[in-house]
Amino acid sequence: MLDGRKFSGKRLPLTVGFALLLVAAFGAGCKGFFVNPTLTSITINPATPSVELGSTATLQAYGVNSNNQGMYLTSGVSWSSSDSTTAAITGACATAACGSATVSGLALGTATITAASESVTNTATLNVYITVSTLTITPQTQSIAAGGTTAAPYIVTANGNTDISSGAVLTAYTAGGTQQTTITCTYDASGAGGAGQYCTDNGSPTGTYTIVATYTQTTITAKATLNIT
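The structure is reproduced here in structure tokens:
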């Protein structure tokens with residue numbers, strides 16, 4: 001007859017050993033089964049960034065990984081600007097990957113900002129703007145023949161000396177305050193008289209007209225006179 005006590009005494013070490021083998025095998029399998037999440041998308045915050053001329057703004061990159069988990073990235077992001085003369089990435093982020101970036105507004109206009117990490121990229125269009133306190137237009141008076149174009153450009157400046165001619169809108173009005181649509185004014189960076197706004201007559205009656213300069217985000221205007229002879 002088998003001795004049950006001897007059999008029970010040998011069963012425990014065998015059971016423990018078998019369990020350890022299972023744990024080891026499961027652990028080896030886990031290493032190949034679980035994969036670290038990877039970055040799948042980046043969003044630049046704010047989505048429509050802007051910075052005032054002569055100032056700086058902070059941009060952040062929000063990442064979402066393959067597990068659909070999202071968070072602001074604090075490192076490993078490369079930042080760049082399509083036009084560093086308008087908006088430049090400054091500070092540590094200008095030369096190395098980082099988290100949030102500082103961008104400086106150097107000239108009026110727009111630039112495309114790119115954030116990249118782990119082969120994932122996204123872009124945002126940044127606008128460099130100016131807060132207008134005063135608006136002026138020069139020359140104050142010009143004359144052209146019917147059907148002609150101003151020889152000198154109108155220059156529109158904000159706050160004393162900032163040239164905003166490229167972004168200004170010039171509109172002609174009659175003495176009675178009616179818009180004169182046959183007089184058109186457009187910006188020309190390579191005009192004969194230099195960069196600025198040139199106004200052309202397209203069949204208006206002879207007389208004196210008021211050229212009104214306006215600029216986005218302000219109700220301030222500037223006025224000049226155009227004589228058509």
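Take the sequence shown: its letter number 68 is residue 68 in our numbering, and every next letter is one higher.
For glycine and all other residues, C-beta sits at the position ideal for the given N, C-alpha and C.
- Query: Once you ignore the five residues that flank GLY105 on each side, which residues in its own chain have a CB closer than 7 Å to its CB?
  - Reply: Taken in chain order, the residues that qualify are VAL51, GLU52, LEU53, GLY54, SER55, ALA87, VAL128.
- Item | Rounded C-alpha distance that separates GLY70 from ILE113 | Approximately 21 Å, taken between the alpha carbons.
- Item | For ALA92 and THR219, the rounded distance between their alpha carbons | The straight-line gap from Cα to Cα measures roughly 39 Å.
- Item | Spatial distance of ALA96 from LEU73 (CA atoms) | Spanning the two alpha carbons is a distance of roughly 15 Å.
- To which residues of the same chain is ALA222 closer than 7 Å at the C-beta, ignoring the five residues directly before and after it? The residues are LEU135, THR136, ILE137, VAL156, ALA213.
- Residue closest to TYR187, alpha-carbon to alpha-carbon, out of GLY167, ALA94, PRO205: Selected option, being the one with the closest Cα: GLY167.
- Would you say ALA57 and GLN140 are within 7 Å of each other, going by their C-beta atoms? In this structure, GLN140 does not lie closer than 7 Å to ALA57 by Cβ.
- GLY29 - DSSP class collapsed to helix/strand/coil: Per-residue confidence for GLY29 stands at a pLDDT of 48, beneath the threshold of 50, marking its modelled position as unreliable; the derived number appears in the next sentence. Residue state for GLY29 is assigned as helix, using DSSP reduced to three classes.
- Roughly how far, in whole angstroms, is the beta-carbon of LEU59 from the beta-carbon of ALA116, given that I think they are within contact range, below 8 Å? That belief does not hold up - the Cβ atoms of LEU59 and ALA116 are roughly 13 Å apart, past 8 Å.
- Message: Quick check on this structure: which residue in ILE183, THR184, CYS98 has the alpha carbon closest to the alpha carbon of GLY76?
- Response: Relative to the Cα of GLY76, the nearest Cα in the group ILE183, THR184, CYS98 belongs to CYS98.
- Task: Buried or exposed for PRO49, please, with buried defined as at least 16 other CB atoms from any protein chain shown within 10 angstroms of its CB.
- Result: For PRO49, the number of other beta carbons within 10 angstroms of its own is at least 16, and it is reported as buried.
- Query: Can THR153 and GLY109 be called in contact, C-beta distance under 7 Å?
  - Reply: Here the sequence assigns Pro to residue 153, which means Thr is not the residue at that position. Taking 7 Å as the Cβ cut-off, PRO153 and GLY109 do not qualify as a contacting pair.
- In three-state terms, what does DSSP make of ALA92? Residue state, collapsed to three classes: helix.
- Could you say which of TYR173, THR200, LEU126 lies nearest to SER84 if we only look at CA atoms? Nearest C-alpha to SER84 among TYR173, THR200, LEU126: LEU126.
- Identify the continuous beta strand (DSSP E) that holds SER80 and give its terminal residues. Counted as a single uninterrupted DSSP element, the beta strand (DSSP E) harbouring SER80 occupies residues 78 to 81.
- Query: What did DSSP end up calling GLY167 once you bin it into helix, strand or coil?
  - Reply: In the structure shown, GLY167 sits in a helix (DSSP, three-state: H, G or I).
- When the Cα atoms are used, what is the spatial distance from SER82 to ALA107? So the two alpha carbons sit approximately 13 Å from each other.
- Any chance the CB of ASP188 is under 6 Å from a heavy atom of the ligand NAP? Among the components of this structure there are no ligands whatsoever, and the ligand NAP is therefore not found.
- Across which residues does DSSP place GLN69 in a beta bridge pair? As far as DSSP is concerned, GLN69 takes part in no beta bridge.
- Item | Assigned exposure category for THR208 - 16 Cβ within 10 Å defines buried | Looking at its Cβ environment, which holds fewer than 16 other Cβ atoms inside 10 Å, THR208 is exposed.
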